[in-house]
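Beneath this line is the structure, given in structure tokens, with notes to follow.
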Amino acid sequence: MEIKACLKKGTSGVTRYPWALAYADGARIEPSSVTYGDFPKPEYPYEAKMKAGDCVRGKTVFAVPAKDRPEQVLYTPEGLETPAEWTVPKA
Numbered sequence: 100m101e102i103k104a105c106l107k108k109g110t111s112g113v114t115r116y117p118w119a120l121a122y123a124d125g126a127r128i129e130p131s132s133v134t135y136g137d138f139p140k141p142e143y144p145y146e147a148k149m150k151a152g153d154c155v156r157g158k159t160v161f162a163v164p165a166k167d168r169p170e171q172v173l174y175t176p177e178g179l180e181t182p183a184e185w186t187v188p189k190a
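Here the sequence shown is numbered in the working numbering, starting from 100 and rising by one per residue.
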């Protein structure tokens, strides 16, 4: 999955770990906690500090079941009252 985050004001940190894939059966898959040379580049950072006007972009990998397709992409960082959700298009 390719992710791009931009910060409009203040300072903050970003990481790949608030991201998850949600499935119809309630399962959630978190991003891979390891990286390998053959993973898609550029990789989304494990951790990065940002200031107003900064953007970070990259790809993150999920170990997903071969036959199932996620229904949603979730962004659930601490401090965000309502998680952000995006519907995954049908294949």
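The beta-carbon is built from N, C-alpha and C at its ideal position, and this holds for glycine as well.
- Every beta strand (DSSP E) stretch that sits fully inside the stretch 105–145 and reaches 3 residues is listed by chain position as 110–114, 118–121.
- Just measuring C-alpha positions, the residue of Thr114, Met149, Leu120, Ala190 sitting nearest Lys107 is Met149.
- Non-local beta-carbon contacts of Arg156 in its own chain, meaning distances under 6 Å to residues more than five positions away in sequence, involve Lys103 in chain order.
- In this structure, Phe138 keeps its C-beta atom at 8 Å or more from the C-beta atom of Met100.
- By the neighbour-count definition (other C-beta atoms within 10 Å, threshold 16), Tyr143 is a buried residue.
- With contacts defined by Cβ atoms closer than 8 Å, Thr110 and Tyr145 do not form a contacting pair.
- In terms of Cα proximity to Pro130, the closest of Tyr122, Pro141, Pro117, Ala165 is Pro117.
- Contact check for Glu170 against Ala123 passes: the beta carbons are separated by less than 8 Å.
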